[in-house]
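Data block below; observations after.
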Amino acid sequence: MGRNSVELDVPLSFPGPGDEFALDGPLQRDPDDRRRCIVGPEGRQAITCLRVLAVEGNFALLEVWPMTGRTHQIRAHLAALGYAIVGDQVYAPLAEAGTPQAALQRQFLHAYSLELRCYPENAVCTFVAPLADDLRLWEQCLPALWQVYHSE
Numbered sequence: 022m023g024r025n026s027v028e029l030d031v032p033l034s035f036p037g038p039g040d041e042f043a044l045d046g047p048l049q050r051d052p053d054d055r056r057r058c059i060v061g062p063e064g065r066q067a068i069t070c071l072r073v074l075a076v077e078g079n080f081a082l083l084e085v086w087p088m089t090g091r092t093h094q095i096r097a098h099l100a101a102l103g104y105a106i107v108g109d110q111v112y113a114p115l116a117e118a119g120t121p122q123a124a125l126q127r128q129f130l131h132a133y134s135l136e137l138r139c140y141p142e143n144a145v146c147t148f149v150a151p152l153a154d155d156l157r158l159w160e161q162c163l164p165a166l167w168q169v170y171h172s173e
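For the sequence shown, the numbering used here begins at 22 and goes up steadily by one.
Here it is, written out as structure tokens:
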């Protein structure tokens, strides 16, 4: 690999439900669009772990753990694979009029659960947030994805 090239370790094909993998690729600002980050040779280390919960058509429900905290890390790593978060106006192609994606006014990126260590006992505190109403509308559009979400 040359000085100006970067390798992003990814699976050979999009994994199926239950599969887990890690994306390991350094992230830097996109010199052509400063709103975006890309995998590149001048980037800082970024590792994102993913688990595929369900797949329906062109959509997948993912559980994601960013192991590092880089700007747009989840979005940039998915974009490097050719995927995007539904509703993402920076990393996703424009949605066709009349599709559920076009109706969504924001990206479908939801922090369902957050675990923190609480001072001074160092005990693990878990915070859970249900989906907002506008995101719950997707349960009707892609019911197979949400069977998994509600069973966990």
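We treat Cβ as the ideally placed atom computed from N, Cα and C, and that holds for glycine.
Counterpart residues of residue i in DSSP-defined beta bridges
i: Cys-70; result: Ala-43 and Trp-86
i: Thr-92; result: In DSSP, Thr-92 forms no bridge with anything.
i: Trp-139; result: In the sequence as presented, Trp is not what sits at residue 139; that position holds Cys. Its beta-bridge partners are Ala-144.
i: Ala-75; result: Leu-82
Classification of residue i by the beta-carbon crowding that lies within 10 angstroms, buried from 16 upward
i: Pro-151; result: exposed
i: Gly-46; result: buried
i: Cys-58; result: buried
i: Ala-144; result: exposed
i: Arg-55; result: exposed
i: Ala-101; result: buried
i: Arg-65; result: exposed
i: Asp-40; result: exposed
Delimiting residues of the beta strand (DSSP E) encompassing residue i
i: Ala-144; result: 144-149
i: Asp-51; result: 48-51
i: Arg-157; result: No beta strand (DSSP E) contains Arg-157, which is instead part of the alpha helix (DSSP H) from 154-157.
i: Val-60; result: 54-60
Inter-residue Cα distance where the pair is residue i and residue j
i: Ser-124; j: Leu-115; result: Reading off the sequence shown, one finds Ala at residue 124, where the question assumed Ser. Taking the straight line joining both Cα atoms gives about 12 Å.
i: His-131; j: Cys-139; result: 23 Å
i: Pro-38; j: Asp-155; result: 25 Å
i: Thr-69; j: Pro-121; result: 27 Å
i: Arg-157; j: Ala-105; result: 19 Å
i: Trp-167; j: Leu-135; result: 20 Å
i: Gln-49; j: Gly-103; result: 17 Å
i: Gly-61; j: Asp-51; result: 9 Å
i: Gln-161; j: Thr-147; result: 28 Å
Contact check, residue i vs residue j, beta carbons under 7 Å
i: Val-85; j: Ile-95; result: yes
i: Val-149; j: Phe-129; result: no
i: Glu-77; j: Ala-165; result: yes
i: Leu-44; j: His-98; result: yes
i: Ala-118; j: Thr-89; result: no
i: Leu-74; j: Leu-82; result: yes
i: Leu-163; j: Phe-80; result: yes
N- and C-terminal bounds of the alpha helix (DSSP H) containing residue i
i: Arg-127; result: Where Arg-127 is concerned, there is no enclosing alpha helix (DSSP H), given that its DSSP letter is neither H nor E.
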